[in-house]
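Asker: First the structure, which I've put down as structure tokens, then a few questions once you've had a look.
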Amino acid sequence: MELWQKILSSSFRQPAQLTKYFRGIDVRALDRVAETYPMCINPYYLSLVEHPEDPIGRQCIPDAAELDAGASVPDPLAEESTSPVPCLVHRYPDRALFLVTTRCAMYCRFCTRKRKVGKPDEPITAEMRREALTYVARTPSIRDVIVSGGDPLLLPDETLEEILRGLRSIPHVEMVRIGTRVPCVLPQRVTRKLVDMLRKYHPLYVNVHFEHPREVTPQAAKALNRLADAGIPLGNQSVLLKGVNDDPATFLELNRKLLACRVRPYYLYQADPVEGTEHFRTPVDAGLAVIRGLRGHTSGLAVPQYVIDAPGGGGKIPLLPEYLMARDDRRVLLRNYEGRYFVYPEAEPIPAAPPLAARCPLERDYSAPDRL
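In the working numbering, the protein residues as written are 65 to 436.
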């Protein structure tokens, strides 16, 4: 048994096990939560928790608030209705999401697939995976496949390689992406053997999932660098979470640490309205504030795209703070990261300039520095 398997086999799955480490755990209340939404915290990730309500503890320790559904729904992104075969979601014309397992190294309390992950009655079988591969093979519009789950890196090397080999055998599949939280929550899984296998299937991209700078430990950095050394481009997908990372300073530190490990911040997701996660959701303005706090204050490489994955299967919609303030047929009025205004001349007159609600008149002289 490898080290990562030993760590995983020692995972905490009952709230009562946490009382040894933290005071004030309401075991009865959390047992009720875990019956609906399973708990799994491996010893490595638990070692990063200082208190159940700290940014790490909130991500992994059950909370009685999970049983308050609020206005949320189990499947807000309508994955089930855009799934032509089991375990494959085909929402965009040229991309497909291939769900290969329901297991994870740690069950995030904010998971968008909370309805499935860790549920023994929701397995993904080898036959289901073969059916998904068959669908991709007979759908030539699919050129990009995202392998996700659960966490694909929880599969045995041989099973994961079988999936990658199957995708690579389909001529119209130009690229494969893996979505994983393993380098964050169980970095010991990123072994040399695993990486040597992955490097055989380029072009291969890996999107990781870090939420807080304290997760970028020396062990995590080693795992990320091992993947990068194999020529695998790395991106990070974060979710904006109340009490975890809903402030610009946290993301500035996180993204700087990730770039040092050769990970490009890719997406910042507004939290999906998933049943059982209402207590994590923030106003959209909090996400816009994060982007404002990054843009111009650090390298553009450290600024992810802030998106809402539209309910009902509408796909990702990017959001930006207001930088285009007004326009007419000859000029546009821009505001930079410092709050200063600049008039930019259009290349040629626009006969019918699109209307834009202007906070500031274009007739004003903006040559002098100004702020909102």
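Here a beta-carbon is modelled for each residue, glycine too, at the ideal position from N, C-alpha and C.
In this text, all values refer to a predicted model and were calculated from it rather than measured experimentally.
Suppose the cutoff is 7 Å on Cβ atoms and the five residues either side in sequence are ignored; what does the same chain contact list for P204 look like?
Answerer: H236
Asker: Below 8 Å CB to CB, which residues in the same chain sit around R263 once its five sequence neighbours on both sides are set aside?
Answerer: A294, G295, I296
Asker: Answer yes or no: do L163 and C151 have a C-beta to C-beta separation smaller than 7 Å?
Answerer: yes
Asker: Contact between the segment 103-123 and the segment 236-250 is defined here as three or more beta-carbon pairs at a separation below 8 Å; is this criterion met?
Answerer: yes
Asker: What residues are listed by DSSP as bridge partners for L152?
Answerer: V149, F162
Asker: Who are A390's beta bridge partners in DSSP?
Answerer: L397
Asker: So within the segment 170-215, which uninterrupted beta strand (DSSP E) runs reach at least 3 residues, ignoring any that extend past its ends?
Answerer: 208-212
Asker: Between which two residues does the alpha helix (DSSP H) harbouring L288 extend?
Answerer: 282-293
Asker: Do the segment 387-404 and the segment 364-371 make contact, defined as three or more Cβ pairs closer than 8 Å?
Answerer: no
Asker: Pick helix, strand or coil for G379, following the three-state DSSP scheme.
Answerer: strand
Asker: Can you have a look at A284 and say buried or exposed, based on whether 16 or more other CB atoms are within 10 angstroms of its CB?
Answerer: buried
Asker: Within a Cβ cutoff of 7 Å, which residues of the same chain sit near M65, ignoring the five residues on either side of it in sequence?
Answerer: Excluding positions up to five away in sequence, the list is empty.
Asker: With the cut-off set at 7 Å, would you say A350 and D310 are in Cβ contact?
Answerer: Yes.
Asker: Determine the DSSP secondary structure at V49, reduced to helix, strand or coil.
Answerer: Residue 49 falls outside the range modelled here, since the chain spans only 65 to 436, and no answer is possible.
Asker: Would the beta-carbon of H343 fall within 7 Å of that of A133?
Answerer: no
Asker: Is it a yes or a no for the segment 355-370 touching the segment 329-345, going by three-plus beta-carbon pairs under 8 Å?
Answerer: Segments in contact, yes.
Asker: What do you reckon, are the CB atoms on T176 and D336 nearer than 7 Å?
Answerer: yes
Asker: Quick test of your reading: P140 and R278, contact by CB under 8 Å. State the CB separation rounded to the nearest angstrom.
Answerer: 29 Å between Cβ atoms; not a contact.
Asker: Just to confirm, is the Cβ distance from K178 to Y269 under 7 Å?
Answerer: Cβ distance not < 7 Å, so K178 and Y269 don't count as in contact.
Asker: With the cut-off set at 7 Å, would you say L304 and Q334 are in Cβ contact?
Answerer: yes
Asker: Is the CB-CB distance between H273 and R241 below 7 Å?
Answerer: No, the pair does not count as a contact, with Cβ atoms beyond the cut-off.
Asker: Can you give me the Cβ contacts of Q301 inside the same chain, cut-off strictly under 6 Å, excluding the 5 residues immediately before and after it?
Answerer: So the list reads N271, H273, Y330, Y331, once near-sequence residues are dropped.
Asker: Please state if the CB of K306 and the CB of T281 are separated by a distance shorter than 7 Å.
Answerer: In this structure, K306 does not lie closer than 7 Å to T281 by Cβ.
Asker: Leaving aside the five residues before and after L231 along the sequence, list all residues of the same chain whose C-beta is less than 6 Å from its C-beta, in chain order.
Answerer: Within the same chain, and ignoring the five residues on either side of L231 in sequence, the residues whose Cβ sits closer than 6 Å to its Cβ are V209, V237, V240.
Asker: So what does DSSP say about L298, is it helix, strand or coil?
Answerer: DSSP, read as helix, strand or coil, puts L298 in strand.
Asker: Following the continuous alpha helix (DSSP H) through V348, name the residue where it begins and the one where it ends.
Answerer: 348-358
Asker: Tell me the rounded alpha-carbon separation between G340 and L131.
Answerer: 6 Å
Asker: For the candidate residues E222, I227, P220, whose alpha-carbon lies nearest to that of V211?
Answerer: The shortest Cα separation from V211 among E222, I227, P220 belongs to I227.
Asker: Return helix, strand or coil for L141, following the three-state DSSP convention.
Answerer: Collapsing the DSSP output to three states places L141 in coil.
Asker: Please state the DSSP three-state secondary structure of T244.
Answerer: coil
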